[in-house]
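Working notes for the structure below.
Number of protein chains: 2
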Amino acid sequence: MSPAAERLRYILGEDDDTPTPTLFTEMDTLQHDGDEMEWKESARWVKFEEKVEEGGERWSKPHVSTLTLHSLFELRTCIQTGSVLLDLEGYSLPQIVDDIVDRQVADGLIGPELREKVSFVLLRKHRHQHKKPIHLSLADMGKSNNSPTSRSPHRFPSSASGLHHSTEDLRAKSGSLGRLHPAQSRSMNDISDKPSTDQMKNKFMKKIPRDAEASNVLIGEVDFLDKPFVAFVRLAQATTLGGLTEVPVPTRFLFVLLGPHGKGKSYNEIGRAIATLMVDDLFSDVAYKARDRDDLIAGIDEFLDEVIVLPPGEWDPKIRIEPPKKVPSADMRKSVLNLNELGQVNGTGTAGGPGGGEDEEMPTPHELGEELQFTGRFCGGLWLDIKRKVPWILSDFSQGFHIQSISAVLFIYLGCITNAITFGGLLGDATDNYQGVMESFLGTALAGTVFCLLGGQPLIILSSTGPILIFEKLLYEFCKSNTIDYMELRLWIGLHSCLQCLILVATDASYIIKYITRFTEEGFSSLISFIFISDAIKKMVGSFKYYPINRVFKPDYVTTYRCECIAPDQAAAMAFNVSVPLADDNMTDLVSGSGYNLTGLDWSQLSKKECVKYGGALLGNACKYVPDLALISFILFFGTYSMTVSLKKFKTSRYFPTKLRKLISDFSIFMSIMTFVGLDMLVGLDTPKLIVPTEFQPTRPDRGWVVMPFGKCPWWVYVASAVPALLVTILIFMDQQISAVIVNRKENKLKKGCGYHLDLFWVGILMAVCSFLGLPWYVAATVISIAHIDSLKMESESSAPGEQPQFLGVREQRLTGILVFVLTGVSIFLAPVLQYIPMPVLYGVFLYMGVASLAGIQFWERIKLYLMPAKHQPDFSFLRHVPLRRVHLFTLVQIICLAVLWTLKSTVAAIIFPVMILGLMVVRKMMDLMFSQHDLAWLDDILPEKDKKKEKDGKKKKDNKRTKAAEPESDEEPKSPLPPPVKIPMDTIDLPSAPDPSVSPPTQPPVSHCE
Amino acid sequence: MSPAAERLRYILGEDDDTPTPTLFTEMDTLQHDGDEMEWKESARWVKFEEKVEEGGERWSKPHVSTLTLHSLFELRTCIQTGSVLLDLEGYSLPQIVDDIVDRQVADGLIGPELREKVSFVLLRKHRHQHKKPIHLSLADMGKSNNSPTSRSPHRFPSSASGLHHSTEDLRAKSGSLGRLHPAQSRSMNDISDKPSTDQMKNKFMKKIPRDAEASNVLIGEVDFLDKPFVAFVRLAQATTLGGLTEVPVPTRFLFVLLGPHGKGKSYNEIGRAIATLMVDDLFSDVAYKARDRDDLIAGIDEFLDEVIVLPPGEWDPKIRIEPPKKVPSADMRKSVLNLNELGQVNGTGTAGGPGGGEDEEMPTPHELGEELQFTGRFCGGLWLDIKRKVPWILSDFSQGFHIQSISAVLFIYLGCITNAITFGGLLGDATDNYQGVMESFLGTALAGTVFCLLGGQPLIILSSTGPILIFEKLLYEFCKSNTIDYMELRLWIGLHSCLQCLILVATDASYIIKYITRFTEEGFSSLISFIFISDAIKKMVGSFKYYPINRVFKPDYVTTYRCECIAPDQAAAMAFNVSVPLADDNMTDLVSGSGYNLTGLDWSQLSKKECVKYGGALLGNACKYVPDLALISFILFFGTYSMTVSLKKFKTSRYFPTKLRKLISDFSIFMSIMTFVGLDMLVGLDTPKLIVPTEFQPTRPDRGWVVMPFGKCPWWVYVASAVPALLVTILIFMDQQISAVIVNRKENKLKKGCGYHLDLFWVGILMAVCSFLGLPWYVAATVISIAHIDSLKMESESSAPGEQPQFLGVREQRLTGILVFVLTGVSIFLAPVLQYIPMPVLYGVFLYMGVASLAGIQFWERIKLYLMPAKHQPDFSFLRHVPLRRVHLFTLVQIICLAVLWTLKSTVAAIIFPVMILGLMVVRKMMDLMFSQHDLAWLDDILPEKDKKKEKDGKKKKDNKRTKAAEPESDEEPKSPLPPPVKIPMDTIDLPSAPDPSVSPPTQPPVSHCE
């Protein structure tokens, strides 16, 4: 172990419990302007470097500090040879400067005659780079014409006059401060004791953590020194030293480097080096805890050892490197020091990383947490779920109060009512209006509100789903052909299903979903996304059929296009020429039965519908065409979709401040809808609009609000209904729980835990309630739930400039969900507003939802890989570890599974669709035979019972590698007291590589200015 | 000066004339698989590192090698302590290995007993990472199931059996090669003498320069050594050593590092370090020329001194850094060594770069080259232009044969005919068909062909332009009201204008365009782009007026919509109810004059036009509406535009191989046009189509093909026409020359020089010819010319993996231009094909042209800055040097100028439009008062006469800075014998910073394994 690391371990290990404050570092350089001198801020560091663009008078973008090795070695020498004052009692800058100079004189580093000159220089005023208010900038516009010097607007009248007085004869020889008698100058100290208003007002303050302390780096060239004057000061207490720092942050460290003229650039680099060191997590710890000069040197050595080196021929030093998305944490770097304790080589643990892909961690195994453990007790899971959820009740509401919630509510609300209307319409068709749009709205509102209020995962949105629709359709047909009362049979199926769900809850049956790996999850959610996309497109194509375009229309022959209503008697006569058939039979029945006075009608004044109603015939070549509507529908549909996509992307554009961009991105769907609703109103065409029921009554007049359980069916129906109920139960169970697994994905960083048992409990109860009320059944809707989560994602407001905002998690609360469903419920009263929304706009929203939920699915990324040549493929970690052909094979299997499911879904077999998901899980199980556990760990997750096997596998591989290594070294291997719970033991293989402790110094180290 | 730099200067300075070959470096590591050993390729370098992804069985993306400082120091120690064999005579690997081992034994580095073991290890077979053919991959699909070892498919039967035989008892203790007697093994040498077929077939070869030589790095752990075995070998002659290298490139260098077990990772890093060094331009020179070990050490030291260091806390070493767009050239780095000669500090010249933004070069001043020098001789400029152009005649045609030319021809052709039709139509309207579409086509073809064949800058495309159109319009109106013969007057104006142009040519008047700076250029080209965009949008909006949509149409009331033709007598009776007025007067005249038999007509069967023609009235609420056409036009227009934009962008996407992507991008416009022509045909609606004249005759029957100069006008007209001709001359001169300046922009890297005088000469001659033939006048069209250039841009096929393709220049030739215009000429015969193209598609192309020519204009980038918060602005170099408010002010002035020009353009004043460009130049001159020359140099160019002033300015600043520096140091400043012609002297300021030559070695350098 290197002496440096040993030293560090000693000082850092002492009391690790008090975290050191974050350091803000400012570097000021000495500027000579004629006779005057001032300190000018030239760079600052919170975590990354920001430089003052001299000409541009602005801050550069935050970037990674690229240093030269040279400057680091020079800095090392500076610390070795200069004055190091640790824990200096300092209350004001003049006193601190005095102490520094005293020490230098005492150490014989400078002569006493320079004492005043150095003090004078160090006490010059500091000018900071501030953002100028706009009126000052405008006033400045006309000025600075030709001379670049006129750009430094602040002169100091007092100091200037003093200098002018005493140095009048010297002005010809500019900057010859050497012969100046500073004692005569009135302006010995330019620095005020209190922070100026500029400092206090500086908005940059909010980028600096609250507990931060400052370290000031002062770099200057003077003419009276012949060798560098170096001092490193740590104050005993952080003190605000007047105008020293840009922001009112107390100063803890001070690094001063004054030197003779001509080496400014080199000094500058040394200043950047110490500044970069000061913001380094490890070195700043060292600086806080250093006992003496040697500790600091050890800190620099440790830093040097971890440094990353770029070859000069492969990188242009002028490029400012953008801050990375993620940097290694300080803790990890500190832990390396602790590993050293175990006899490991210093540095190579982390710094050896580049190119050492082998030692990358294996993906963490599929973890579902304790929520899905089989308790073995009656209702054990449910009880745990409730216990887990109760503590969050308050925050479930309080966290909902955020502007983001509004956009989420609007977005999901529109999705929900579109869904309710679509499924309501389809259900109405399928069941002869026993369940129509009205029931759909009411049911959605009821079930959704209850679930969001009491469910285990309130982020899940309940909705009607396709399989349920098909089940209802088949059931109604069965009832009609066997003359069984549909509503009563349905009630009993619902009750049985509810009971079955409760049994599943009581027996903790949800634990089996831990066999649902990424493979199944992604297959399911991709399928649902495809259904959304294809439905949206189908609807759109449908409108081309519904509003056929007259493709042979010639504008010039407009005179020949017409559509006339012909009275029935005439129609009969002209039967050979009728282009539109008579209305369907029952309509004719209706007409003939109602006994209108057909002869008294002015047939030519009738509308199309009326004409058909009264038995007239439509004659003419314009009858079957509807102009413009199909095309405008397409424009609205496609426009809504593309505008939403563009606005979502706008978040990462360069324009406008971050907050505005985020707002635009959050409200993108709302803005697109409003835009295209506006466009639709502007064009004024009769596009199909959203129509919500306005009166609170069942769609079918002959049914009431409550279904009676007995009376209409024979007794055996009550029992036999348990069989179809079983199908419904499987359907609901799978649909619900897979959606829940997707919502609870690790990537979403949910903090309040999941509640699979509680969810299923409420879905069951709601089944029964809905059956009694004759409302549709509801279950978790994958795509809308994902959209819900996406619209509630939180990102950190990044603190240090250049730091990437981190995804923090999701605003987990019940408020948005409840609001969505309450709004759905009152939509009946919102009809006057909602009727302006054209359906194509909503189909556009559907399309967006489908496409957006595909994004970020690894399966989808892997499909894209098929189209990319290997060299253009993104650097996915699974590609680093699994051969491409196996990745492709895995994807292919998934595609085939999906194709099979898609085909099934399109047929009557859709009813066993949820069972097919079980099939997916079986396929996944079989893939264990085709793929190695290693590959599957990267592409998917390991199945639970494979975990142990996996571990064995890992050990085997380890042994294998050991064999390769040909020397066991087992005695040297670190034996951690407890096996790491997540990491696969394979990780430890690369660590045991003890270095040769022999040290060989490079014979020709870089030249140094210090000493 | 450091000793290392001095040494290097000596060896590199010796004979700099023979360039050293490029090095390809391959690193192989020793793999133990049970008892067997083999060398496995683990990384390679052409310029950047490519690593073998162990698990992924693929090459990583090329990336910058990130090294650890540690490994570099260790490497240094290795070279210091190991064997260095320079200029070894080697013809085969076994012999070379023998030599290495002999030397090691001789030096006492290894005992003689290890000789055979080391040789055995070094002669193991090498396995390279090859892309597997697809059938092998498929065959491999089912295999590798659980065991990771099954992934190394190549076993060596011979070697294996040999080992099995001799070590049967040792197999339990795997890999115990120490007790093996290699002499017994038949497989002492696994390496064949000749390169294998795999090697020969390797497609990677084409990425390696022809003259390349290989350097092989061999890294391995063995159990029989107790300290590292290091050898660095340079062969006297590069030799192909069988299967050693992945590709059949002769090996020149060999680096071997074998060491005891347990430190593999560290060895690996050392191997990467030497490999990175070997591909470093400077070090590879040193390696080729090194006389002894110390030269190599000096090379490493110099490398270390230039190295760029990233702090560990700000960068994650696992991130693979993408190769930068540009790396510092080796020459520049070598020149630093020469600067050292002048007493400069080593390294800081370049490596001190990061953060030292001040020493960035000033932008090079506005350079127009000798083409625009005022010769002072009669036709001096024209003569020089011809002399400059003659040598290129052959290549002007030969370079045209390229697939890219096809796409360029198609693109520009479509632009040209659209332009010809648009302007033809407008001219026809303006001149009562004296010049119509036919003349426009013919004139375009004639003028364009002649210009492209003989002009100075064949990349310029001639076309009708707006100002000329307005001039013709005014002229025709003047003639009509004063009953002067239009064609004859026009001929005389043309002749005068031609004469004036020739005078301008003879007097080298084009030299004044050197006052056209970026400001004027960008103002002009932005304006033209805006006109294109606004014209395209106007046309599109126009079609909504031309095909009005019936906005109150209700599908249900289709029966009430009709449009009937009513006979005139009936019409009179129903006058109160006529919705469309009768046709205009002359039509009615025509009808009444022609004496049709109106009574015999079936009025209801007439078309709209016929109805109006025969004096009928159109009655009905459908008459004034045209369904669908406006909307489908919009879809075609917008679709063409967006598809073109998307396909253009496709070039930078990840999908499909580079070549296919480039093809798609090149043909994006063609593909978009084809797609939307196809869509239009599919829909089959009667959209407005491109109509080209099909018969070769003048548009107006009463004019011939040649205009006679005398006869119709009084004599004074022939003289007075010189006055309007002057206006035309200014117009043509400005329009032509600014377009030429834009085309000849430095950024386009044109190599064949420009020909401003020659261009103007031909434009003048063509004026006269066109006037005689009664064809429109032609002048350079900015937007189409830019489009022409853009479609002919060449990029280098990047050689080393990871290197960015460089923009090489433009395919400068005459072929595409000539083809475009010949095609335009024969378009009259292409009418049957062209008539399928809907006009909205062409408007989409227009829009694209306008938008595309805005891209890359700095003015446009600066406008965007208004919308960006400072911290999100891109890192433009002018932003680093000019304060934002001044950038904004500059942009604002440009915007105001443009707004004024735009307003002028929209009024009758458009005729003095070219004069306004002169106004722009005056504004630019006045800006010298508002902005400093420093700011203008960054934002614009310096005006010619300011150049000297600028230099003075620079000197003043320099003095200023000197004053700041307070110490002249003038004796130390490098006095270059000749002042640099391009660089402003300011640059030299930062150089004089001689370092303190004292050296202080760091006391505790990193731990090393070597020694």
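Taken in sequence, the protein lines are chains C and D. Here full-length UniProt numbering is used: the first residue of the first sequence is 1, the next is one more, and so on. Here full-length UniProt numbering is used: the first residue of the second sequence is 1, the next is one more, and so on. Idealized CB from N, CA, C, for every residue including glycine. All values reported here derive from a predicted model rather than from experimental measurement.
Going along chain D, which residues have a C-beta under 8 Å from Asn-216 of chain C? Correct list: empty, because the minimum Cβ distance to chain D is about 18 Å.
Cα-Cα separation between Arg-124 of chain C and Met-205 of chain C, rounded to whole angstroms: 24 Å
Determine which residues of the stretch 287–320 of chain C have a Cβ less than 9 Å from any Cβ of chain D, and write them out in chain order. Ile-297, Ala-298, Ile-300, Asp-301, Phe-303, Leu-304, Asp-305, Glu-306, Val-307, Ile-308, Val-309, Leu-310, Pro-311, Pro-312, Gly-313, Glu-314, Trp-315, Asp-316, Pro-317, Lys-318, Ile-319, Arg-320
Output yes or no for whether 7 Å exceeds the beta carbon distance between Trp-492 of chain C and Lys-752 of chain C. no
Could you tell me whether any Cβ in chain D is nearer than 7 Å to the Cβ of Gly-90 of chain C? no
Can you list, in chain order, the residues of its chain whose CB lies under 7 Å from that of Ala-447 of chain C, leaving out five sequence neighbours each side? Leu-462, Leu-766, Cys-770, Tyr-778
Between the stretch 502–517 of chain D and chain C, which residues of the former have CB atoms less than 9 Å from a CB of the latter, in chain order? none
Please check if any C-beta of chain D sits within less than 7 Å of the C-beta of Val-64 of chain C. By the rule that beta-carbons nearer than 7 Å mark a contact, Val-64 of chain C touches chain D.
With a 10 Å radius around its C-beta and 16 neighbouring C-beta atoms as the bar for buried, classify Thr-644 of chain C as buried or exposed. buried
Enumerated in chain order, which unbroken segments of the alpha helix (DSSP H) with a length of 4 residues or greater are wholly contained in the stretch 722–809 of chain C? 722–743, 756–773, 782–790
Listed from N- to C-terminal order along the chain, which residues in the stretch 675–688 of chain D have their beta-carbon within a distance smaller than 7 Å of any beta-carbon of chain C? Val-683, Gly-684, Leu-685, Asp-686
Residues in the stretch 205–231 of chain D having any Cβ partner in chain C nearer than 7 Å: Asp-223
Can you name the residues of chain C whose CB is closer than 7 Å to the CB of Cys-563 of chain D? Val-558, Thr-559
Please report whether the beta-carbon of Glu-795 of chain D lies at a distance below 7 Å from any beta-carbon of chain C. no
From what residue to what residue does the beta strand (DSSP E) around Val-222 of chain D run? 213–222
Does the separation of the CB atoms of Gly-616 of chain C and Ile-566 of chain C fall below 7 Å? yes
Which chain D residues sit within Cβ distance under 9 Å of Asn-550 of chain C? Pro-627, Asp-628, Leu-685
Between Ser-440 of chain C and Pro-701 of chain C, how many whole angstroms is the CB-CB distance? I'm expecting something under 8 Å. Between the beta-carbon of Ser-440 of chain C and that of Pro-701 of chain C there is about 17 Å, and that puts the pair past the 8 Å contact cut.
Which same chain residues, not among the five before or five after Ile-208 of chain D, have their C-beta less than 7 Å away from its C-beta? If the five residues before and after Ile-208 of chain D are omitted, its C-beta is found closer than 7 Å to the C-beta atoms of Phe-24, Val-46, Val-247, Val-249, all from its own chain and listed in chain order.
With a cut-off of 7 Å, does the C-beta of Val-46 of chain D fall near any C-beta of chain C? Residue contact check for Val-46 of chain D against chain C: no CB pair falls below 7 Å.
With a cut-off of 7 Å, does the C-beta of Thr-652 of chain D fall near any C-beta of chain C? no
By the three-class DSSP mapping on this structure, what secondary structure does Ile-11 of chain C have? helix
Between Met-927 of chain D and chain C, is there a C-beta pair that is closer than 7 Å? no
Quick one: using the 10 Å Cβ neighbour count with 16 as the cut-off for buried, is Ala-4 of chain C buried or exposed? Under this definition Ala-4 of chain C is a buried residue.
Spell out whether any CB of chain C is found under 7 Å from the CB atom of Ser-497 of chain D. no
Rank C:Phe-638, C:Thr-465, C:Thr-560, C:Glu-747 by C-alpha distance to the C-alpha of Ile-537 of chain C and give the top, closest one. C:Phe-638
Starting from Met-674 of chain C, trace the alpha helix (DSSP H) both ways and give me its first and last residue. 668–683
Endpoints, the alpha helix (DSSP H) within which Lys-47 of chain D is located: Careful: Lys-47 of chain D lies outside any alpha helix (DSSP H) and carries neither H nor E.
Min CB distance Ala-575 of chain C to chain D below 7 Å: Unreliable placement is indicated for Ala-575 of chain C, whose pLDDT of 48 sits below 50; the coordinate value is still reported in the next sentence. No - not a single Cβ of chain D is within 7 Å of the one on Ala-575 of chain C.
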